[in-house]
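In what follows, a structure is listed as structure tokens, so that the remarks can point back to it.
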Amino acid sequence: MGFDIKKYCHISDAVSIKGESHTKFNHGGLNIFYIEKGGCDADCHGTNLSVSEDEILVCDGNVELDVSAGGSIVGFNINGIIAERYCKDIETAFVTDSIFAPYLPRQIKQVADNYDSLSEIYLSNTAFEVINTLSHGEKKAVIGSRVVVSAIKMIKANYMEMFGVEEMALRLDISKSHLVREFFKHTGTTPGKYLVSVRIDAVKYLLTNTSLSLTEIAMQTGFSGDNYLCKAFKKATGETPMSYRQRVVASQYLPNQLTLQIEPELYIDSEVKK
1356 MGFDIKKYCH ISDAVSIKGE SHTKFNHGGL NIFYIEKGGC DADCHGTNLS VSEDEILVCD
1416 GNVELDVSAG GSIVGFNING IIAERYCKDI ETAFVTDSIF APYLPRQIKQ VADNYDSLSE
1476 IYLSNTAFEV INTLSHGEKK AVIGSRVVVS AIKMIKANYM EMFGVEEMAL RLDISKSHLV
1536 REFFKHTGTT PGKYLVSVRI DAVKYLLTNT SLSLTEIAMQ TGFSGDNYLC KAFKKATGET
1596 PMSYRQRVVA SQYLPNQLTL QIEPELYIDS EVKK
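For any residue, its number in our numbering is found by taking its place in the sequence shown, counting from 1, and adding 1355.
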């Protein structure tokens, strides 16, 4: 008797909404939406939330979304035993910021854009990773410091460059100690650790969506070399970059995505051969 991971955690539906609209997403389990552009008002079991651009809405059961003009939202539903337990623990809908989960918006968009072509095991693995990310993250992130907001924007836009906290502080025209103090106060982490987390997320994307070598990936994500990349990746994820690539890529393949190695002669009609 095989182990059916779908019973525990699985993405059962995905949606992509563009432009002004009123949408009902009627599902049990856990719903997750990323607001790419614009914003929306959400009604989740009578809980009304206003969700802004670059924020993530997390809620259980049915939800109604009023998307703003020019808005763009992607999302999906997760069901299974783990999803049900997570919904029971959080009890209510909440909004979180992609600041604390840089890779999550990309995961949500990737599933929503390619849902029909993704394998069942990939959808289950991604569902588990998403819930794990949410369970270690923060709810609504309120950043009341212009310095921290500027630092976060700088990191996201320039993570591929090899710069440290000293250079970051210099660019922001503040002292290093003030930057570190403010950043930790508002995010619970240091600017250096946040920079590494953004780089790790970029590495994950390149590992699973390109065939670049580790040396090339290191160059494109701001790591000084593949050895340092491997150490940082193992520390952050618990696995090596190559084992991550093999695990995630292998789970995406479907039979119709494979290139079959065949002998053309086998498909030539016998009459034609003669």
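A virtual CB, placed ideally from N, CA and C, is assigned to each residue, including glycine.
Quantities reported herein were computed from a predicted structural model and do not represent experimental measurements.
Taking the alpha carbon of residue i as the point to measure from, which residue in the options has its own alpha carbon closest?
i, options, result
"GLU1516", "LEU1569, GLN1575, ALA1524", "GLN1575"
"ILE1437", "SER1566, SER1367, SER1427, ALA1482", "ALA1482"
"ASN1381", "CYS1395, ARG1440, CYS1399, GLY1393", "CYS1399"
"MET1523", "ALA1506, PHE1539, VAL1413", "ALA1506"
"ASN1513", "GLN1462, THR1563, GLY1577, ILE1463", "GLY1577"
"LEU1459", "CYS1414, VAL1553, ALA1424, PHE1588", "VAL1553"
"THR1378", "ASN1469, ASN1480, SER1472, VAL1429", "VAL1429"
"LEU1473", "ALA1573, ASP1368, ILE1387", "ASP1368"
"GLY1426", "ASP1581, LEU1534, ILE1390", "ILE1390"
"ILE1445", "ASN1386, ALA1605, ARG1501, MET1597", "ASN1386"
Just mark residue i as buried or exposed, buried being the case when its beta carbon has 16 or more other beta carbons within 10 Å.
i, result
"HIS1541", "buried"
"VAL1466", "buried"
"ARG1526", "exposed"
"THR1451", "buried"
"ASN1549", "Sequence inspection shows Tyr at residue 1549; the Asn mentioned does not correspond to that position. So TYR1549 counts as buried."
"HIS1365", "buried"
"GLN1601", "exposed"
"GLU1410", "buried"
"GLU1618", "Annotation note: pLDDT 32 at GLU1618 (below 50); position unreliable, coordinate value reported separately. It counts as exposed."
"GLY1374", "exposed"
"GLY1435", "buried"
"GLU1537", "buried"
Give me whichever residues DSSP pairs with residue i in a beta bridge.
i, result
"SER1530", "Per DSSP, none; premise fails for SER1530."
"SER1490", "The partner list for SER1490 (beta bridge, DSSP) is empty, contrary to what the question assumes."
"ASN1403", "ASP1398"
"LYS1373", "SER1427"
On the three-state DSSP scale, how would you describe residue i?
i, result
"LEU1420", "strand"
"ALA1448", "coil"
"THR1614", "Residue placement at THR1614 is flagged as unreliable, the pLDDT there being 33, under the threshold of 50; a coordinate-derived value is accordingly withheld."
"TYR1389", "strand"
"THR1565", "coil"
"ASN1434", "strand"
"SER1667", "Outside the shown range of the chain, which is 1356 to 1629, sits residue 1667, and nothing can be said about it."
"HIS1382", "coil"
"GLU1410", "strand"
"SER1579", "coil"
"ASP1471", "helix"
"SER1598", "helix"
"ASP1368", "strand"
"ASP1359", "coil"
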